[in-house]
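Working notes, structure below.
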Amino acid sequence: MQVPAPLEYARATSVEHAIALLERLGEEARIVAGGHSLIPMMKLRLTHLEYLVDINDLHDELDFIRVERGEVRIGALTRHRDLLESEALVPELPIFRDAERVIADPVVRNRGTLGGSLCQADPSEDLSSVCTTLGASCVIRGVSGERVVSMEEFYRGPYETAVGPAEILTEVRIPLRPHSSNAYAKVDRRAGDWAVVAAGAALWLDDDGLIADARVGLAAVGPNTTGIPAISEALRGRAPSEEAFAEAGELAAAASSPTTDGRGSAAYKRHLAAELTRRTLRRAAERIADRALERESA
Amino acid sequence: MSVDVEPVGHGRMLRKEDPRLVRGRGTFCDDLTLPRQLHLAILRSPVAHARIVYVDATAALAHPKVKAVVTGADLVERGLAWMPTLAHDVQPVLATDKVRFQGQEVAFVVAEDRYAARDALELIDVEYDVLPPVVDARRALDDDTPLIRDDVAGRADNRCFDWETGDAAATDAAFARADVVVADDLVYPRVHPAPLETCGAIADFDRVSGKLTVWVTSQAPHAHRTLFAMMTGLPEHKIRVVSPDIGGGFGNKVPVYPGYLCAIVGSMVTGRPVKWIEDRTENLVSTAFARDFHLHGELAATSDGRILGVRARVLADHGAFNAVAAPAKYPGGFFGVFTGSYAVDAAHCSTTAVYTTKAPGGVAYACSFRIAEAVYFIERMVDLLARELGLDPVEIRRRNFIPTEAFPYLTATGWVYDSGDYPRALDEALRIADYDALRAEQAERRERGELMGIGLAFFTEAVGAGPRKHMDILGLGMADGCELTVHPDGRAVVRLSVQTQGQGHETTFAQIVAEEIGIPPADIEVVHGDTDATPYGLGTYGSRSTAVSGAAAALVARQVRDKARRIAAHLLEVAPDDLEWTKGSFGVRGIPTATVTMPEVARAAYGIDLPDDLESGLDAHVSYNPENLTFPFGAYLAVVDVDPGTAVVTVRRFVAVDDCGTRINDMIIEGQVHRGLTDGVGVALMEYVGFDEHGTCLNASLMDYLIPTALEVPTWETGHTVTPSPHHPIGAKGIGEAATVGSPPAIVNAVLDALAPLGVTRLDMPLTPSRVWEAMQGRAAPPTDPPHGPTAEKGTP
Ligand SMILES: Cc1cc2nc3c(=O)[nH]c(=O)nc-3n(C[C@H](O)[C@H](O)[C@H](O)COP(=O)(O)OP(=O)(O)OC[C@H]3O[C@@H](n4cnc5c(N)ncnc54)[C@H](O)[C@@H]3O)c2cc1C
Numbered sequence: 016m017q018v019p020a021p022l023e024y025a026r027a028t029s030v031e032h033a034i035a036l037l038e039r040l041g042e043e044a045r046i047v048a049g050g051h052s053l054i055p056m057m058k059l060r061l062t063h064l065e066y067l068v069d070i071n072d073l074h075d076e077l078d079f080i081r082v083e084r085g086e087v088r089i090g091a092l093t094r095h096r097d098l099l100e101s102e103a104l105v106p107e108l109p110i111f112r113d114a115e116r117v118i119a120d121p122v123v124r125n126r127g128t129l130g131g132s133l134c135q136a137d138p139s140e141d142l143s144s145v146c147t148t149l150g151a152s153c154v155i156r157g158v159s160g161e162r163v164v165s166m167e168e169f170y171r172g173p174y175e176t177a178v179g180p181a182e183i184l185t186e187v188r189i190p191l192r193p194h195s196s197n198a199y200a201k202v203d204r205r206a207g208d209w210a211v212v213a214a215g216a217a218l219w220l221d222d223d224g225l226i227a228d229a230r231v232g233l234a235a236v237g238p239n240t241t242g243i244p245a246i247s248e249a250l251r252g253r254a255p256s257e258e259a260f261a262e263a264g265e266l267a268a269a270a271s272s273p274t275t276d277g278r279g280s281a282a283y284k285r286h287l288a289a290e291l292t293r294r295t296l297r298r299a300a301e302r303i304a305d306r307a308l309e310r311e312s313a
Numbered sequence: 049m050s051v052d053v054e055p056v057g058h059g060r061m062l063r064k065e066d067p068r069l070v071r072g073r074g075t076f077c078d079d080l081t082l083p084r085q086l087h088l089a090i091l092r093s094p095v096a097h098a099r100i101v102y103v104d105a106t107a108a109l110a111h112p113k114v115k116a117v118v119t120g121a122d123l124v125e126r127g128l129a130w131m132p133t134l135a136h137d138v139q140p141v142l143a144t145d146k147v148r149f150q151g152q153e154v155a156f157v158v159a160e161d162r163y164a165a166r167d168a169l170e171l172i173d174v175e176y177d178v179l180p181p182v183v184d185a186r187r188a189l190d191d192d193t194p195l196i197r198d199d200v201a202g203r204a205d206n207r208c209f210d211w212e213t214g215d216a217a218a219t220d221a222a223f224a225r226a227d228v229v230v231a232d233d234l235v236y237p238r239v240h241p242a243p244l245e246t247c248g249a250i251a252d253f254d255r256v257s258g259k260l261t262v263w264v265t266s267q268a269p270h271a272h273r274t275l276f277a278m279m280t281g282l283p284e285h286k287i288r289v290v291s292p293d294i295g296g297g298f299g300n301k302v303p304v305y306p307g308y309l310c311a312i313v314g315s316m317v318t319g320r321p322v323k324w325i326e327d328r329t330e331n332l333v334s335t336a337f338a339r340d341f342h343l344h345g346e347l348a349a350t351s352d353g354r355i356l357g358v359r360a361r362v363l364a365d366h367g368a369f370n371a372v373a374a375p376a377k378y379p380g381g382f383f384g385v386f387t388g389s390y391a392v393d394a395a396h397c398s399t400t401a402v403y404t405t406k407a408p409g410g411v412a413y414a415c416s417f418r419i420a421e422a423v424y425f426i427e428r429m430v431d432l433l434a435r436e437l438g439l440d441p442v443e444i445r446r447r448n449f450i451p452t453e454a455f456p457y458l459t460a461t462g463w464v465y466d467s468g469d470y471p472r473a474l475d476e477a478l479r480i481a482d483y484d485a486l487r488a489e490q491a492e493r494r495e496r497g498e499l500m501g502i503g504l505a506f507f508t509e510a511v512g513a514g515p516r517k518h519m520d521i522l523g524l525g526m527a528d529g530c531e532l533t534v535h536p537d538g539r540a541v542v543r544l545s546v547q548t549q550g551q552g553h554e555t556t557f558a559q560i561v562a563e564e565i566g567i568p569p570a571d572i573e574v575v576h577g578d579t580d581a582t583p584y585g586l587g588t589y590g591s592r593s594t595a596v597s598g599a600a601a602a603l604v605a606r607q608v609r610d611k612a613r614r615i616a617a618h619l620l621e622v623a624p625d626d627l628e629w630t631k632g633s634f635g636v637r638g639i640p641t642a643t644v645t646m647p648e649v650a651r652a653a654y655g656i657d658l659p660d661d662l663e664s665g666l667d668a669h670v671s672y673n674p675e676n677l678t679f680p681f682g683a684y685l686a687v688v689d690v691d692p693g694t695a696v697v698t699v700r701r702f703v704a705v706d707d708c709g710t711r712i713n714d715m716i717i718e719g720q721v722h723r724g725l726t727d728g729v730g731v732a733l734m735e736y737v738g739f740d741e742h743g744t745c746l747n748a749s750l751m752d753y754l755i756p757t758a759l760e761v762p763t764w765e766t767g768h769t770v771t772p773s774p775h776h777p778i779g780a781k782g783i784g785e786a787a788t789v790g791s792p793p794a795i796v797n798a799v800l801d802a803l804a805p806l807g808v809t810r811l812d813m814p815l816t817p818s819r820v821w822e823a824m825q826g827r828a829a830p831p832t833d834p835p836h837g838p839t840a841e842k843g844t845p
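These protein sequence lines are chains A and B, in that order. For the first sequence, counting from 1, position 15 maps to 30 in this note's numbering; every step adds exactly one. For the second sequence, counting from 1, position 214 maps to 262 in this note's numbering; every step adds exactly one.
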């Protein structure tokens with residue numbers, strides 16, 4: 016059994032309380048959500064903390080999935096499992112179910128949270144890619160109030176985010192637009208393993224069926240997990256086609272800077288960036304077509 | 049498949065141990081808490097190779113909950129710093145001069161609780177003078193490679209041993225005659241058994257009685273008792289080793305680890321029971337690994353595919369200390385069976401084993417004494433020959449099989465295979481798989497650009513070590529004792545020297561005895577694991593429990609039955625020869641009403657009316673020294689799909705036909721096979737222990753050392769044939785390792801078959817998507833992905 020070093024622990028009763036605790040305890044305090052990233056690091060004694068502020072009681076404030084007009088809002092304490100099982104997300108954002116099926120295992124999914132995933136900011140993390148793909152924004156709250164940042168602003172580099180020491184990520188907001196869909200694909204060495212490479216893709220079509228916007232988010236291809244604007248630029252105004260998706264794949268490969276490690280060679284990972292970009296764009300396009308058919312037959 | 053009616057003897061039945069285990073009522077080492085128990089934690093080296101400048105424990109000793117801190121220097125004073133390994137080498141309990149692998153034991157703390165013990169490790173100050181590590185076995189013997197084992201006087205290089213088997217001249221002659229020669233380099237990477245329960249011990253030394261009791265995760269409690277006596281200098285009769293429920297062993301719990309000795313010393317120093325339970329990282333980085341073989345193979349054959357000769361050159365990486373568990377005369381294990389299931393007249397193997405700055409070990413993981421390596425070797429090579437000659441992999445095997453009538457068969461390297469019927473097992477596998485249909489499907493899929501592969505492996509194992517005249521470990525013969533007592537109420541207790549780690553001994557051995565004395569398995573209690581309650585024997589590994597102790601159990605039961613016959617004869621007032629045994633009772637031949645049951649005999653055995661020349665009681669004791677090993681075999685077939693875009697390998701089907709001789713309980717056998725096949729998928733596709741250039745282990749957690757899940761394995765399709773062993777009392781051969789041994793080559797051959805249209809001929813495990821993709825690009829895996837870069841020409845022995 017691996018055991019962490021001694022530490023103090025407090026259970027927050029509200030977001031406000033949690034922020035106040037962080038403010039008072041300073042740099043050596045940390046939020047614990049699902050604990051599936053933080054606790055292993057503490058047990059391996061790779062992270063030394065003096066205080067844990069537990070936000071697991073804050074269901075009312077932080078644990079929700081709300082599909083509203085033009086926007087989906089997901090609370091930071093929403094568990095992987097709820098994202099996997101949510102029927103509300105499936106029509107517009109099937110990418111969540113795609114991704115959650117291949118994130119970790121049921122034990123981890125029962126506890127791990129959206130907020131923890133994003134705040135951990137591991138470059139191999141899947142939900143950051145999903146949020147990047149969807150052009151999500153993050154709501155951060157501190158003593159002086161709330162601010163909303165884009166994923167590009169949120170993610171500052173490996174294990175670094177825009178969330179300050181006395182701040183909390185409270186929710187993620189995802190804009191909804193018509194004629195769109197999205198998909199996620201991951202290659203791993205075994206179920207429950209982190210990605211060798213993963214890719215998310217989202218397509219938005221205009222009324223003529225041409226690509227109004229396209230976004231791709233990659234995981235595990237280097238320190239940068241933010242979007243690839245070149246893909247949006249290259250695809251806008253074109254009809255969805257194998258050729259266009261192949262081009263996007265090449266751009267994805269070019270935008271990635273993977274390293275060789277136990278999960279694979281850099282060349283392979285770059286290849287996967289292209290391959291999975293193609294596959295997910297194709298899948299997103301198929302889904303848009305399927306939904307159009309469904310609407311017609313309805 | 050009904051298991052409702054329990055057989056009185058062999059047959060399918062539910063496991064007797066499972067009501068306990070599935071309810072969480074097992075007792076594993078860490079479940080035990082002794083009064084006044086303390087906790088021990090070990091400080092391990094963060095570097096692979098370094099001279100220890102000093103170890104300062106002052107701050108740790110000042111921790112309020114710490115009872116003792118012990119360093120290598122302290123152990124030198126007690127003469128306990130170094131301990132013998134199972135392979136006539138030595139290994140430090142705590143490092144004294146140098147550390148020789150990352151994770152090596154440097155000091156230990158005994159404290160009031162586990163947390164304090166762990167915290168205090170951080171207070172021990174060690175200065176290391178770092179030396180260059182030796183990571184690549186192929187460089188271990190180079191002139192400029194640093195010497196690892198300078199503790200042994202006169203040692204000049206990192207050579208561990210050289211070993212040869214077979215006839216070099218005859219093999220050269222066979223190669224000279226050959227129409228075709230194929231050659232290849234193969235790597236069987238270092239893998240780890242990774243049992244879910246890590247290793248651990250609770251040592252309790254009673255200063256008053258001088259008795260030491262050690263509860264320990266041991267596959268071989270008696271051998272460990274002898275070793276503890278050798279290591280500590282305590283008299284052996286004052287040592288009791290108890291191996292409670294074991295959460296998986298796979299060979300990992302055969303060696304004696306420094307941690308066990310630390311717990312013993314900790315208890316001696318503090319006078320209190322001391323518990324040490326390894327954490328996951330410690331288990332993965334410091335305990336016995338398996339394999340780590342670099343192989344060069346050559347086959348000589350006629351143009352119609354008859355194998356004339358086999359050559360093998362092996363470079364074996366043994367880590368920093370030779371801690372292999374193999375019979376003493378077999379330093380290279382049983383790799384000598386590398387001619388596989390084939391009638392080959394000439395074969396030769398030369399092995400060079402080297403030291404590297406890695407964890408010691410070398411046989412674990414369904415230990416198999418290197419048969420896993422031998423089977424992998426020959427099955428890859430035979431496929432290579434088939435490909436060279438344009439023959440179907442089925443056909444090449446058929447042409448070379450040892451003919452059924454040739455058993456017992458003496459191989460070119462001196463092994464006597466006891467019995468076999470290879471074509472029958474192969475036919476059964478092909479039938480289950482519908483081989484012709486699979487080939488047709490493959491042709492169709494290839495047309496569509498899909499990559500489907502079919503792979504075969506036919507293996508023969510040599511298990512049940514072993515005959516005393518050939519086999520010993522540290523001078524201990526490999527015979528197993530067994531005791532059987534039938535109580536006055538007709539229920540029995542059988543005492544074994546072997547210890548289950550999940551294989552179901554409590555059921556299998558009850559069934560073996562039941563078959564012989566006609567008492568239901570439910571009425572036979574199996575006692576094992578406690579050296580004070582069981583007879584001597586060398587333990588469970590190398591698929592030896594059924595092959596050796598199973599024979600002992602059958603023989604001891606027959607002795608009891610013989611005595612019962614004499615008592616029955618007395619009761620029925622006839623001569624013993626007039627009695628007929630039908631399972632459970634004796635009857636007088638020709639007089640159907642004159643019978644006496646085993647329980648009646650048992651009651652009488654403790655009564656007052658016994659013949660004068662018979663002692664009271666109904667019990668017996670045997671020690672079984674096997675005449676030969678047993679040679680289980682099997683035909684395995686894997687069907688795989690490789691995603692052309694991502695190179696991900698999916699094992700779609702797997703057919704396993706096993707012949708382990710007489711089958712005692714099909715359910716347990718199938719369980720063993722399922723487990724081993726899952727191991728095989730792990731080894732073939734994802735498992736390996738890698739090191740970076742500093743000698744740091746890259747797989748120190750189960751996030752990095754991948755073991756397969758249900759999602760990576762297909763629904764197993766098992767079948768069997770039965771070819772009993774002629775010399776085993778009940779004809780059983782052992783099944784524990786068959787599937788671990790046989791499945792990796794089937795999977796790798798299948799993947800190579802899938803990739804054949806791309807011209808891929810070489811591939812080393814593990815077949816991760818990246819490695820497969822690199823091979824599809826015509827490249828071997830990059831050397832930065834240790835330890836399976838392409839075999840360099842330099843350094844191969
Ligand atoms: C075996 C295993 C396999 C895994 N596999 C995958 C995988 O395949 N893909 C994948 O994407 N992930 C994987 N994970 C990670 C998993 O998704 C984690 O649960 C997730 O990364 C972190 O979520 P958490 O709620 O557990 O965060 P915690 O561990 O509780 O916290 C992580 C970090 O985020 C901070 N934090 C948490 N919530 C907030 C908040 N609301 N505001 C500010 N800071 C916050 C914490 O202070 C901490 O620094 C795996 C984990 C394990 C243990």
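Backbone N, C-alpha and C define an ideal beta-carbon position, used for all residues, glycine too. Model, not experiment: these values are computed from the prediction.
According to DSSP, is L149 (chain A) part of a helix, a strand, or is it coil?
Coil.
For A206 (chain A), decide whether its Cβ has a neighbour in chain B, counting only Cβ atoms nearer than 8 Å.
yes
Partner residues on chain A for Y163 (chain B), Cβ-Cβ distance less than 7 Å
Simply V18.
Go ahead and pull the three-state DSSP assignment for G843 (chain B).
Its pLDDT being 27, under 50, G843 (chain B) is placed unreliably in this model, and the coordinates cannot settle the point.
Collapsed DSSP secondary structure at G299 (chain B) in the structure displayed:
coil
So if I threshold CB-CB distances at 9 Å, which residues from the region 270–295 of chain A count as touching chain B?
T275, D276, G277, R278, G279, S280, A281, A282, Y283, K284, H286, L287, E290, L291, R293 and R294
DSSP three-state assignment for P835 (chain B), whether helix, strand or coil
Reliability of the predicted coordinates at P835 (chain B) is poor, the pLDDT of 38 falling under 50, and no value is obtained from them.
Rounded straight-line distance, which links the Cα of P243 (chain B) to that of Y308 (chain B):
17 Å
Whole angstroms is fine: what's the gap from S315 (chain B)'s alpha carbon to P321 (chain B)'s?
5 Å
Secondary structure at V622 (chain B), three-state DSSP: helix, strand or coil?
Secondary structure of V622 (chain B) (DSSP, three-state): coil.
8 Å Cβ cutoff met for A48 (chain A) and Y66 (chain A):
no
Span of the beta strand (DSSP E) holding T643 (chain B)?
I639 to T645
Interface positions of the region 800–821 of chain B facing chain A (Cβ-Cβ less than 7 Å), listed along the chain
T816, P817, S818 and W821
Assuming G514 (chain B) and L677 (chain B) are in contact, meaning their beta carbons sit under 8 Å apart, how far apart are those beta carbons, in whole angstroms?
The distance from the Cβ of G514 (chain B) to that of L677 (chain B) is about 6 Å, consistent with a contact at the 8 Å cut-off.
Just curious, the beta strand (DSSP E) that Y698 (chain B) is in, first and last residue?
Strictly speaking, residue 698 (chain B) in this sequence is Thr, with Tyr absent from that position. Taken as a continuous stretch (DSSP letters only), the beta strand (DSSP E) holding T698 (chain B) covers V697 to D707.
Complete runs of the alpha helix (DSSP H) confined to the region 311–337 of chain B [at least 4 residues]
328–334
Nearest-angstrom Cβ-Cβ length linking V385 (chain B) and G357 (chain B), presumed shorter than 8 Å
About 16 Å separates the two Cβ atoms, so there is no contact after all.
Helix, strand or coil for Y584 (chain B) per DSSP?
coil
Where A235 (chain A) falls, given that 16 or more other Cβ within 10 Å makes a residue buried:
buried
Can you round the beta-carbon distance between I89 (chain A) and V187 (chain A) to whole angstroms, since I take them to be within the 8 Å contact cut?
5 Å
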